[in-house]
Amino acid sequence: MNCSELIALLSSFPPQARVILDGYEGGFNDATKLDLVNIKANANPDVDYYGSHLIDDKGPTVEAAVWIHGVNAHGDSLSVQDLEQLKENGIW
Numbered sequence: 401m402n403c404s405e406l407i408a409l410l411s412s413f414p415p416q417a418r419v420i421l422d423g424y425e426g427g428f429n430d431a432t433k434l435d436l437v438n439i440k441a442n443a444n445p446d447v448d449y450y451g452s453h454l455i456d457d458k459g460p461t462v463e464a465a466v467w468i469h470g471v472n473a474h475g476d477s478l479s480v481q482d483l484e485q486l487k488e489n490g491i492w
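Under the numbering used here, the first residue of the sequence shown is numbered 401, with each subsequent residue one higher.
Shown next, in the form of structure tokens:
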């Protein structure tokens, strides 16, 4: 994806939406697609893994964000519900 393609795609999303990226450790990937998702900002206390914001499709009104996906992304995402389940099981 080049800049003009990214700009065209971003123009279809709410202009005030936060932009989030896949990220874990280092390196770079090409952007491949964009999705509008609901997140709970700063919901993950262990930001060394999964990032500080979590997907939250079931909570009360949260924050809309444009998720820019990258090729070869690690594939893992952590939702608020996942984190709550891990805490209940004594894992987190």
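C-beta: ideal position from N, C-alpha, C; glycine also. Just so it is clear, the structure is predicted and the values come from calculations on it, not from any experiment.
Quiz item: To the nearest whole angstrom, what separates the beta carbons of V419 and I468, a pair I think is in contact under 8 Å?
Solution: Residue 419 sits at position 19 when you count from the first residue of the sequence shown. Residue 468 sits at position 68 when you count from the first residue of the sequence shown. Right, the Cβ-Cβ distance comes to about 6 Å (below 8 Å), so this counts as a contact.
Practice problem: For the alpha helix (DSSP H) holding D482, just list the boundary residues, first then last. | Solution: In the sequence shown, counting from the first residue as 1, residue 482 sits at position 82. Note, D482: alpha helix (DSSP H), V480 to E488.
Quiz item: Do the CB positions of K440 and V466 come within less than 7 Å of each other?
Solution: By 1-based counting over the sequence shown, the position of residue 440 is 40. By 1-based counting over the sequence shown, the position of residue 466 is 66. The Cβ atoms of K440 and V466 lie no closer than 7 Å to each other.
Quiz item: Can the beta-carbon of N442 be found less than 7 Å from the beta-carbon of L454?
Solution: Position 42 of the sequence shown, counted from the first residue, corresponds to residue 442. Position 54 of the sequence shown, counted from the first residue, corresponds to residue 454. Against a cut-off of 7 Å, the Cβ pair of L454 and N442 comes out as no contact.
Practice problem: Tell me, to the nearest whole angstrom, how far the beta carbon of D422 is from that of G470; I am working on the premise that it is less than 8 Å. | Solution: Against the sequence shown, residue 422 aligns to sequence position 22. Against the sequence shown, residue 470 aligns to sequence position 70. Right, the Cβ-Cβ distance comes to about 5 Å (below 8 Å), so this counts as a contact.
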